[in-house]
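In my numbering, the protein residues as written are 676 to 859.
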C-alpha cells in the first residue's frame with residue numbers, strides 16, 4: 676500500500692517504513708505525527724482525492740529534528756563597492772512512515788519497535804578449518820617471527836637516458852651586444 680501526501684508545499688509518495696526528510700514539523704523525537712492532506716491512496720484499489728481523500732491520514736514517527744547544509748547567498752554589484760553575504764541553513768524533520776490509514780482511523784500512539792539486526796554468521800566451511808588452524812597458530816607464530824626478514828627496499832628510479840645538457844660558452848669580448856650583425 677502506498678500514499679501520496681502533501682506537506683510544506685511538496686508532495687511525497689510513501690509506503691510503510693519509508694524514511695524521508697520533510698520541511699520542519701512540530702514534534703519531539705520518538706513522537707507520532709499525522710499528515711492529513713492525503714492526495715492518493717493506492718494498493719489493491721486506488722483512491723484519488725478531490726482534492727484530498729476523505730478520512731485518510733499518514734502517520735509517521737519523528738526520528739530527528741535537524742538542519743541542512745549551510746548555503747551562502749552572496750550578492751555583489753561590481754564597481755559600486757557594494758556586496759552582501761548571508762548564510763542560511765534550512766531546518767528539516769527526518770520521519771519514518773509507520774502507517775497509512777483510511778476510513779478515519781486513528782494512528783497508534785507509540786511507534787512499533789524496530790527489529791534489531793543480528794550480526795552475520797560466519798560461513799560453516801571456514802569454522803572447521805578455522806578451529807584446526809587456531810590450534811596450530813601459536814606454534815606457527817613463534818617460527819614465523821624468527822624467519823622474518825627486513826622489508827625489501829623500494830626500487831630506485833632509473834636515470835633518464837637523455838644526454839646531459841651542454842654548458843653555454845661565454846661570448847667573445849669583442850662581439851657586439853644584443854644582435855647578430857653591426858648596426859649602421
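Ideal placement from N, C-alpha and C gives every residue a C-beta, glycine not left out. Remember, it's a predicted structure, so these values are computed and weren't measured experimentally.
Output yes if chain B places a C-beta closer than 8 Å to the C-beta of residue i; else output no.
i	result
residue 781	The structure shown contains no chain B, having only a single protein chain.
Leaving out five residues before and five after residue i in sequence, what residues of the same chain have Cβ atoms less than 8 Å from its Cβ?
i	result
residue 867	Outside the displayed span of the chain (676 to 859) sits residue 867, for which this structure offers no information.
residue 722	715, 716, 728, 731 and 777
By the 10 Å Cβ neighbour count, where 16 or more other Cβ atoms means buried, how is residue i classified, buried or exposed?
i	result
residue 735	buried
residue 725	exposed
residue 746	exposed
Ordered along the chain, which non-local residues of its own chain (more than five positions away) have a Cβ less than 7 Å from that of residue i?
i	result
residue 695	687, 689 and 770
residue 681	712 and 714
Do you know how far the Cα of residue j is from the Cα of residue i?
i	j	result
residue 772	residue 763	28 Å
residue 748	residue 757	14 Å
residue 779	residue 733	11 Å
residue 796	residue 787	27 Å
residue 697	residue 798	42 Å
residue 790	residue 827	51 Å
residue 751	residue 842	54 Å
residue 775	residue 792	25 Å
residue 740	residue 755	41 Å
residue 699	residue 744	15 Å
residue 781	residue 720	21 Å
residue 845	residue 753	53 Å
residue 691	residue 783	14 Å
residue 704	residue 679	24 Å
residue 761	residue 684	24 Å
residue 836	residue 830	17 Å
residue 849	residue 840	27 Å
Contact defined as beta carbons within less than 8 Å: I believe residue i pairs with residue j. What is the distance between those atoms, to the nearest angstrom?
i	j	result
residue 766	residue 742	5 Å
residue 702	residue 768	7 Å
residue 737	residue 709	Their Cβ separation, rounded to whole angstroms, is 11 Å, which puts residue 737 and residue 709 out of contact at 8 Å.
If you drop the 5 nearest sequence neighbours on each side, which residues of the same chain put their C-beta closer than 6 Å to that of residue i?
i	result
residue 693	772
residue 759	750
Q | Contiguous beta strand (DSSP E) assignments of at least 3 residues, all confined to the segment 697-741 | A | 707-710 and 713-717
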